[in-house]
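Let me begin by presenting the structure, written as C-alpha cells, before commenting on it.
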Amino acid sequence: MRKGINIGLIGLGTVGTGVAKILLNQENFIREHEKLSLKLCKIADIDITKDRGIKIPQDILTTNVKDII
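Written out as C-alpha cells, the structure reads:
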C-alpha cells in the first residue's frame, strides 16, 4: 500500500515555484519509483495572478495562508 502525503506550499518565489513544478509535473514518477503519493493540495502566495511559467490549477491557489492550515 502506498503512503499518501498532502502538501500545502507557502510562497511562489524561485524556490516555491520550483517545488510546485516538481510536485505537479513529476507526480506519476514519484508515485511509481518511490511508492509514495505526494499531492499538492493548496498553494498560498501574495500574488496568485503572476505568471510563474508553470500551469497551476486555479482551485489550489489562494492568497490566504490560513487556507493551508
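Start counting at 1 in the sequence shown, then tack on 136, and there's your number in the working numbering. By construction, the Cβ of each residue, glycine as well, lies at the ideal position given by its N, Cα and C atoms. Note that the structure is a prediction, hence the values are computed from the model and not measured.
Which residue marks the beginning of the alpha helix (DSSP H) containing residue i, and which one marks its end?
i           : result
residue 160 : 150 to 161
What separation, rounded to the nearest whole angstrom, lies between the Cα atoms of residue i and residue j?
i           : j           : result
residue 181 : residue 195 : 13 angstroms
residue 170 : residue 152 : 22 angstroms
residue 167 : residue 154 : 18 angstroms
residue 161 : residue 188 : 14 angstroms
residue 150 : residue 201 : 18 angstroms
Which residues does DSSP pair with residue i in a beta bridge?
i           : result
residue 142 : 175
residue 198 : 180
Select from the options the residue whose C-alpha is nearest the C-alpha of residue i.
i           : options            : result
residue 183 : 162, 198, 164, 160 : 198
residue 147 : 186, 204, 179, 191 : 179
residue 191 : 200, 156, 168      : 156
Closer than 8 angstroms is the cut-off here; do at least three beta carbon pairs connect the segment 140 to 148 with the segment 167 to 182? yes
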